[in-house]
DNA sequence: ACCCCGCATGTTGACGATAACATGTTGACG
DNA sequence: CGTCAACATGTTATCGTCAACATGCGGGGT
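Protein chains in written order, with the numbering used here: chain A, 1 to 323; chain B, 324 to 646.
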């Protein structure tokens, strides 16, 4: 910066002002500085800037350890939204063990991130984070729990859309393949499933434990009970695995069993049969998250953090209940 | 840091030494400092550290703008490998326009990243990057071009595995659905496809343009020529889309047409029919990339950057050529 | 008893930017 | 013609850390 100042024949402070778009710089001076910057290929050192200002224009993002569709899509959405306001995400993964979460936090906070996005998949850690720091924190992908500080797709609504669709088609014997045990979204879908059956007075068959993977879906599909006609899967890959298993067992989809997934991954329209699924708009989630964080960073109150509404995409994997 | 020093009754420099594991500190003193750190919940300011040392323990990663399986898997692999050596990835996306790439570079270099991973999907930008900076740069996912500074799965080998498999099954009429035009990996798979047909003296039918998406695969599948019995798709989602299209046209897979994908996404084993595909070990790519970068950062020569070998996973979507 | 050496720790000055305050230069106005 | 804003720019201190050098202290060799 000093060199730039010398070359432009001004003080380093003037260079700083040009860089930060301060008012009250003669256009001619500004041009001289900009030219010097170009000539020298100067790039400002953000570490120094961060030290002086306490801001870094970086958003810390804590991701789950396994790269599933939801988190990665959201990450991309955050990146794109953040880029437009000059921020970038600094990524770290953490499991839900407190030590892992603690390390992730330490790392990000030590780098003086301006905000934190926690893709908190486990309820226990939520509180722990907030007490550790005064950096604005937003939870993402937590269903609609922690509504105060969370941006998420409404899991309860999504689950109900799927189940009502099946119910309306005449199905009365339901089973559910869960997401990875302990994660808030998996738990919300599961709880809503159980409650739905209760409300309608339907038989509670055992819930099948999954972990989001197509492999788990396949295994669970092998364990689906006889007589079940409606299978609600906590995500699309598990639905694909389950369909594969059902067909191996001689059960046709949707003639014998209707299957619904969750996420609407881009391939789901081309599965066989094409998958009926709940669409989640992760782009919107990322956008709202970044928008809200910017409000907080700039000292304004973020608007209402309404849950993002999912919608049902009906395709070939669901049909009327067999007689 | 000053507060910690005061509380432990030492100078701030001693605190610094403890933090950085310098030798020659009395165990008792070290313990006192550590206790003070714990008491005060002190966290060191990496911006200041970065300013003083010029190192940040951050790896800049430039990703393509669209979150496909390969880049995201690799990103995760990089994150996991980097975490073990105390680094984290700072993410930015860029298209292959020079301005976009330039912005991404400026952002990352301004933050004094210690190394750069470029998921360079376009050959033109490769050179541009290197002249801009003296930070160690590694290209990832570039096929086996730029072997000097690149870690990648051997695209030529992978493509040949797929094509030889089909050839050995008796297929003689091939078509190819490409990845997004202009990207190095798509180009390598395409070039290798064309060369393979030349070598075997097979008819060159038009190459079908895709963009990695299942939608594009579906559209291309509708355009597959009559009489084609072997379809090589540049990735798995396009293969799924294409299979869907073929079956809509009354062509059975694999009885009429054999289809091979690329990537081995976790769902491909549960597609219908299960997809024969080329497995790419992105975890290995990420690991090798980080390992090599650490060598360079620490002033050692990185070992040979051998391409990662892909392998073929044969499943139900390929079979003998029809008579 | 003296010297010198090595260990453990303290002191000072970067690093590269911003913030707060200080200065110089115009031009309008009484 | 002198005064005082308002504007444009310069000067100095500061952010939190590390590196280089300085210091104090105890002990072994002669």
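By construction, the Cβ of each residue, glycine as well, lies at the ideal position given by its N, Cα and C atoms.
* **Interface flag, residue 240 of chain A vs chain B, CB-CB below 8 Å** => yes
* Short Cβ contact (8 Å threshold) for residue 29 of chain A with residue 282 of chain A -> no
* Any chain B beta carbon closer than 8 Å to residue 42 of chain A -> no
* Asked: Under three-state DSSP, which class holds residue 25 of chain A?
  -> coil
* To do: Use the C-beta contact count for residue 345 of chain B: other C-beta atoms within 10 angstroms, 16 or more gives buried, fewer gives exposed.
  => Flag for residue 345 of chain B reads exposed.
* The alpha helix (DSSP H) with residue 216 of chain A in it runs from where to where? -> 214-222
* Asked: By how many angstroms is the C-alpha of residue 337 of chain B removed from the C-alpha of residue 327 of chain B?
  -> 10 Å
* Start-to-end residues for the beta strand (DSSP E) that takes in residue 276 of chain A -> Here the beta strand (DSSP E) through residue 276 of chain A covers 276-279.
* Excluding the 5 residues preceding and the 5 following residue 513 of chain B in the sequence, name in chain order all residues of the same chain whose CB lies nearer than 7 Å to its CB. => Correct list, in chain order: 499, 501 and 530.
* residue 430 of chain B (DSSP reduced to helix, strand or coil) -> Three-state DSSP puts residue 430 of chain B in a helix.
* Asked: Since residue 45 of chain A meets chain B, which of its residues come closer than 8 Å, beta carbon to beta carbon?
  -> At a C-beta separation below 8 Å, residue 45 of chain A has these neighbours in chain B: 374, 433 and 435.
* Does residue 56 of chain A have its Cβ less than 8 Å from a Cβ in chain B? -> Yes - at least one Cβ of chain B is within 8 Å of the one on residue 56 of chain A.
* Three-state secondary structure assigned by DSSP to residue 461 of chain B -> strand
* To which residues of the same chain is residue 286 of chain A closer than 6 Å at the C-beta, ignoring the five residues directly before and after it? -> Contacts found: 74, 77, 78 and 81.
* So, are the CB atoms of residue 432 of chain B and residue 458 of chain B less than 8 Å apart? -> Yes, the Cβ-Cβ distance between residue 432 of chain B and residue 458 of chain B is below 8 Å.
* Look at the Cβ atom of residue 509 of chain B, then the Cβ atom of residue 601 of chain B, and state whether they are nearer than 8 Å. => no
* Asked: Is the Cβ-Cβ distance between residue 244 of chain A and residue 593 of chain B less than 8 Å?
  -> yes
* To do: Give the straight-line distance between the Cα atoms of residue 293 of chain A and residue 274 of chain A, rounded to the nearest whole angstrom.
  => 38 Å
* Would you kindly work out how many angstroms separate the C-alpha atoms of residue 638 of chain B and residue 577 of chain B, rounded to a whole number? => Roughly 10 Å between the two C-alpha positions.
* How long is the line joining the alpha carbons of residue 65 of chain A and residue 384 of chain B, rounded to whole angstroms? -> 18 Å
* **Beta carbon of residue 561 of chain B nearer than 8 Å to that of residue 536 of chain B** => yes
* Under 9 Å Cβ-Cβ, which residues of chain B neighbour residue 218 of chain A? -> 592 and 593
* **residue 532 of chain B - containing beta strand (DSSP E), residue span** => 531-533 is the span of the beta strand (DSSP E), which, as asked, contains residue 532 of chain B.
* Going by Cα to Cα distance, which pick from A:70, A:49 and A:37 is closest to residue 266 of chain A? -> A:70
* Beta carbon proximity, residue 430 of chain B to chain A, threshold 8 Å -> yes
* **Per-residue contacts from residue 569 of chain B into chain A (C-beta, under 7 Å)** => Result: empty, since nearest Cβ-Cβ is about 11 Å, beyond 7 Å.
* Asked: Using Cβ-Cβ distances below 8 Å, what residues of the stretch 75-93 of chain A are close to chain B?
  -> 75, 76, 79, 80, 83, 88, 89, 90, 91, 92 and 93
* Taking DSSP as the reference, what is the three-state secondary structure of residue 486 of chain B? -> helix
* Asked: In three-state DSSP terms, what is residue 263 of chain A?
  -> strand
* With respect to the alpha helix (DSSP H) encompassing residue 336 of chain B, which residues constitute its N-terminal and C-terminal limits? -> 335-342
* Residues of chain B with a CB under 9 Å from the CB of residue 29 of chain A: which are they? -> Chain B residues near residue 29 of chain A: none, gap ~23 Å exceeds 9 Å.
* Distance CB(residue 553 of chain B)-CB(residue 496 of chain B) smaller than 8 Å -> Residue 496 of chain B sits close to residue 553 of chain B, with the two beta carbons spaced by under 8 Å.
* **Contacts that residue 537 of chain B makes with chain A (C-beta to C-beta distance below 8 Å)** => 266, 267, 269 and 270
* Applying a beta-carbon distance threshold of less than 7 Å, which residues of chain B neighbour residue 72 of chain A? -> The contacting residues are 390 and 395.
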